[in-house]
Amino acid sequence: MPIYEFKCASCGQRFEKLCNIGENGGKFTCPKCGKAGPGRVMSGFASKGSDKGGFAGTAGSGCGGCTSSNCGSCH
Ligand SMILES: [Zn+2]
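The sequence shown begins at 9 in the numbering used here and counts up by one.
Pasting the structure below:
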């Protein structure tokens, strides 16, 4: 069973619960204030930062002397 993260809409408390796939957390209650029906939070990835960058030079057509993928300006 996956662990989903929930956030209470009332007090903002975040907590994790083991859920069956497809459950939306409607049966859970906030451990802090007791409000039912917390919202599910998508967690674990893509929560911050960027997935771009970090792959310079992997295009295969550079010459080694430049970081461009087509090095049209160095020959
Ligand atoms: Zn709460």
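C-beta atoms are modelled at their ideal positions from N, C-alpha and C, and glycine is treated no differently.
Residues sharing a beta bridge with residue i, DSSP
{"i": "isoleucine 11", "result": "Leu26"}
{"i": "alanine 44", "result": "Thr37"}
Residue closest to residue i, alpha-carbon to alpha-carbon, out of the options
{"i": "threonine 37", "options": "Glu31, Ser18 and Gly45", "result": "Gly45"}
{"i": "cysteine 42", "options": "Met9, Pro10, Ser18 and Glu13", "result": "First, the residue type needs correcting, since residue 42 is glycine and not cysteine in the sequence shown. Here the closest residue by C-alpha is Ser18."}
{"i": "methionine 9", "options": "Ile29, Gly33, Lys40 and Gly47", "result": "Ile29"}
Next on the checklist: Residues around ligand 1, please: the condition is that the C-beta lies closer than 5 Å to some non-hydrogen atom of it.
Outcome noted: Cys16, Ser18, Cys19, Gln21, Cys38, Lys40, Cys41 and Lys43
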